[in-house]
Structures are given as structure tokens and as C-alpha cells.
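Residue numbers (the numbering used here): 244 to 779.
Here a beta-carbon is modelled for each residue, glycine too, at the ideal position from N, C-alpha and C.
From a predicted model like this one, the values you see are computed outputs, not experimental measurements.
Read through the structure below, which is laid out as C-alpha cells, and then see the notes.
Okay, here's the thing in C-alpha cells:
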């Protein structure tokens, strides 16, 4: 027994500093410049409290990670985001390791933040870490951090109305920013991966109808007076949450057809009310994409979230074959097929939304790789949607338009890679496989001897491959989930993506370390030793 006790280590967990904080003369200009850009996408950041924390940190020992763990984690996480946002696209390989070292500084504090006395600062620090990870392809870690932030928000009562009765307006504003951002990211995860939303309808309504929410100035990220982009996104996130829970949960799959149609109509109506309530200058307008003047990152996010929600609402009426296995035996599977349901919806169809999405992405000005990667996720589902529509009816007049949209977008990806140094070669090659099949069947259906292409075409694509891909796409429960399997590392979506890619290409369907086939090494966390040592 004494021998066993002598071998025990009863000490505390050790903290590791992977990179020291830079001198204050360097960090302040970097933060000011980066926050101006980052706040257009994530209006969570308030310059005042960030610079106040930096002053506090630098007034003590520079690398003191003990006196205030939440402050240390927050500063390092924001610094990691700032370095990535300000990195030139052709210098990513040299600069990204710096940002990851500071992120690992923050992540090493993560167990303490979630297990010690929880408070708002800890919740915000974990949320900022999740935002950093959303700029990478490591979706698993990103969602783990988001889930931890959600739990902290619930533990400290961030969604409770009475909390806002005892805090100052400034504190209320910061609380609302964090709560809205959590809801937005949580609903986004539900749309992309089919995961549970963070709060129920009552919690959503509380945080949006609160008098504090009305007075909040957080999220004024648009060059338009009085527009709170974060609040608009939070309203849409509440609708997304309802769409997911009422149309895509396991309970929803057991609905009677008439109930499903009714809920789809209700969700479409709520989405239209939200759209009409937007200022005319930033309102989505059917098949009309944003102009170059309107392409503020916050507005682009808003539009993509809108088209994603519309896509989900429409697809709820087109029950894929994969859903048929989940339908109770008492229900007739043929009665829940979308072909039998012709109800008018105000929101744009998936095909229209897909074409607009690709056009907006083509017109976007150059952005940091971490932001552009998040936006490219929408392009993958858009292309899968258009290819599925083409394979379903290649003789349709719209098929030519859809194929042209895909080809033009791939050409734009090539331009980005050539002019701005984006590492997109694996994505380009993968999307070309889908394009080649759609291009081939469209030419055959329209008897076109020659058609302008985005790549050297393979004229010998067999019809069997077309049927295999069409079957794989039709059997997919949700193309939104599949698209994330190509660009992330969530296991279930990656498996679905691998099945489809196997029918499209002879290449290995899933790359190393469990990531999808389109993911470049520069966006994989393992590239920066975000790992646990295998030996002492």
C-alpha cells in the first residue's frame, strides 16, 4: 500500500503555455484592425471589454495564466482568431501555426472553465473558442466547445428573464450578444448536422421578446443605421430551431401527412414574415442575388441562412427514400411523398436558392480563408442540389442553366486558388466529378454535340454511373448533412459523403484523419499538433 501511495500524484492539473503573448505594442494594433473585420461576421465582440482585459493582463505578469483563467483563455482565443483573419492567403502555412499555438493556450484552460465555478466570463471564453474552431474543418471539436458554452449558459441562467432585471444595461447587452450567438450557432448545427437545438421555443421567445433585447445595441455591424444584424440572425435562428424540431426530429417523422403539410405552411409563413420585416436594402428577393454593394459579410451570412431555412422547409415535403425506413408501419409510405403534395410556398425552391448561393459566392470580394471556408460549405450543398435536379430530369430546360451555374462556380474557385492562394484543389477536383456527370447527361438529353465546359470532359462516362449517383443522392436523408461530410469531420455526414463520392470518383472517398475529401491540410487541426501525446 505504501508503495502505491508513493507512486501517486495528488497534485493539480498542470497548465501549458504553447506561445507567450506578444508585446503590447504589437497586439493592440493587430486587435484593432482584426476586430473591425471580425465584427462584421461575429458582432459578439465589444472592443471596450476586450481592450480592458488586455490592459489588465499586461499590467500583471505578461503570461500569467493563473490569476484569471477566463481572461487568459479569452485573450488567447481572440488573438488566435485575429491572426487567422489578418493572415495573407499566400502566407497561411507560415502564419496559422502562430494562431494555433495561442488557441492551444486557451484550450488548455478549457477543463477549468467548465468544471470550476461557472460564470459569464467562462461561458463567453468557451464560446469564443468555438468561434475559432468554426474557421477550421474540425467540426467535432467546434461543436464540443459550442455544447460546453450552451451548458454553461444554462447553468448560469443566461436564458432566464430575471437575470436581466438585476444587471446593468451594459451587462445585459453583453449577455444578449452571447445568448444570441449561442442560439445562432446551435441552430446552424441543427441545420447542418441534424443535432439538437440549444433551447426550446419558450427560451427563444424569451431572449427575443425581452425588453433588454429590444434595447440591445449589440451587433450593429452594418453600414445602415439602426440595423442589428445579430438580432436579425437570432430571430431567424429561432425559426430554424422550429423547422428542425417540428419537421426533422424523430417525432416529426411520425406525423400524419396532413399535419406535416400544415406545419410546413406555418414555417414558410413565419419565414416570409421574417423576410418582409427586413430593411429593403438587405432583404432576400427570390432569385435576385445581392449586388456587389450589398456584399457585407454579415448580410451574406443572413442570406445564406435564409436560403438554408427555405431549403429545409421545401425538402420536408420531399421525403427521401432514407426516411421511408423510419415511417411507422401503420402509415403508407407513398402518402408522404412530396410529389403528391402541391402546396404553394412563398420561400424560394431549393434549386433557385442553390443558384443564387453560387452567384453570391462568385461575386464576393476576397475574404480570409477561414471565413471563405465557412461560406464554401453552402456551395457544396448548392451544387449537390443542382446536380440532383439535373439527374432527375436532364431534359428539362432548367437543366442547362443548372449545369452552367455549377461550371461557372468551379471556374471561380480556380480563379480564387490562382489569384489569392486559397488551397482549394481537392474541392475543385471533387466538384468537377459531379459537374462532369451532370454535364454529360445534359448534353445527351439535349443532343448537344459540343457544350462549353469548366474542365476537360470525360466523354465516356457510363449511364450506370449516372444512375448510381442519382440513387445515392435520392437515398440521402439530407443533402445538407452530406455536404458537411465533404468539408468536415463529423462521422455520420462523412460516411454519407463517402458513399456518394465512391459512386462519383475512383479516388479515396475520405482523406486521412477522418476528414472529408475536400478538406485541405491547412484547415485540419492535426496539422498543428492539436493532439494528445501518445507517450510521455
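query                                                                                                                        : result
Cβ neighbour criterion (16 or more within 10 Å) applied to residue 255                                                       : exposed
Close beta carbons around residue 322, own chain, < 6 Å, minus the five adjacent residues each side                          : 345
Residue 336, buried or exposed, once every other Cβ within 10 Å from all chains shown has been counted against 16            : exposed
The segment 609–627 / the segment 587–600 touching (three or more Cβ pairs under 8 Å)                                        : yes
Where the alpha helix (DSSP H) containing residue 311 begins and where it ends                                               : Taken as a continuous stretch (DSSP letters only), residue 311 belongs to no alpha helix (DSSP H), as it is neither H nor E.
Nearest neighbour of residue 538, chosen from 263, 357, 738 and 284 [CA to CA]                                               : 284
Straight-line Cα distance separating residue 490 from residue 372                                                            : 31 Å
Spatial distance of residue 662 from residue 599 (CA atoms)                                                                  : 23 Å
Where residue 392 falls: helix, strand or coil (DSSP)                                                                        : helix
Three-way DSSP call (helix, strand, coil) for residue 695 in this model                                                      : Residue placement at residue 695 is poorly supported in this model, since its pLDDT is 45, which falls under 50; the coordinates are not used for a value here.
Reference residue 376; option with closest CA among 324, 672 and 528                                                         : 324
Cβ-Cβ distance between residue 722 and residue 616 below 8 Å                                                                 : no
Proximity below 8 Å, CB of residue 761 to CB of residue 730                                                                  : yes
Integer Cβ distance of residue 727 from residue 436, believed to fall under 8 Å                                              : 6 Å
Alpha-carbon to alpha-carbon, residue 645 and residue 561                                                                    : 20 Å
Spatially closest choice to residue 260 from 251, 270 and 316, by CA coordinates                                             : 316
Inter-residue Cα distance where the pair is residue 774 and residue 313                                                      : 22 Å
Burial state of residue 555 (16 or more Cβ within 10 Å)                                                                      : buried
Segment contact flag, the segment 542–555 with the segment 473–493, C-beta cutoff 8 Å, min 3 pairs                           : yes
Spatial distance of residue 329 from residue 588 (CA atoms)                                                                  : 42 Å
Range covered by the alpha helix (DSSP H) that runs through residue 341                                                      : 335–350
Cβ-based burial, residue 266 [other Cβ within 10 Å; buried from 16]                                                          : exposed
Residue 524 burial status per 10 Å Cβ neighbour count (16 or more: buried)                                                   : exposed
Helix, strand or coil at residue 385 according to DSSP, with G and I counted as helix                                        : helix
Minimum C-alpha distance to residue 677 - residue among 649, 361 and 304                                                     : 649
Neighbourhood of residue 574 by C-beta distance below 7 Å, restricted to the same chain and skipping five residues each side : Residue placement at residue 574 cannot be trusted, given a pLDDT of 46 that sits under 50; what the coordinates show is reported in the next sentence. Counting only Cβ-Cβ distances below 7 Å, and skipping sequence neighbours, we find nothing.
Neighbourhood of residue 614 by C-beta distance below 8 Å, restricted to the same chain and skipping five residues each side : 284, 328, 378 and 540
Contact check, residue 423 vs residue 477, beta carbons under 8 Å                                                            : yes
Bridge partners - residue 325, DSSP secondary structure assignment                                                           : DSSP output for residue 325 lists no bridge partner at all.
Check: residue 487 C-beta below 7 Å from any heavy atom of the ligand SAM                                                    : This structure lacks the ligand SAM; in fact it carries no ligand of any kind.
Rounded C-alpha distance that separates residue 581 from residue 488                                                         : No answer about residue 581 holds up, because its pLDDT of 42 lies below 50 and its placement is not dependable.
Beta bridge counterpart(s) of residue 480 as assigned by DSSP                                                                : Beta-bridge pairing links residue 480 to no other residue.
Euclidean distance between Cα positions of residue 479 and residue 392                                                       : 20 Å
Endpoints, alpha helix (DSSP H) assigned at residue 621                                                                      : 612–635
8 Å Cβ shell around residue 272 - same chain, five flanking residues per side excluded                                       : none
Through-space distance from residue 684 to residue 754, alpha-carbon basis                                                   : Confidence at residue 754 is low in this model, with a pLDDT of 46, below 50, so the placement of that residue is unreliable and no value is reported for it.
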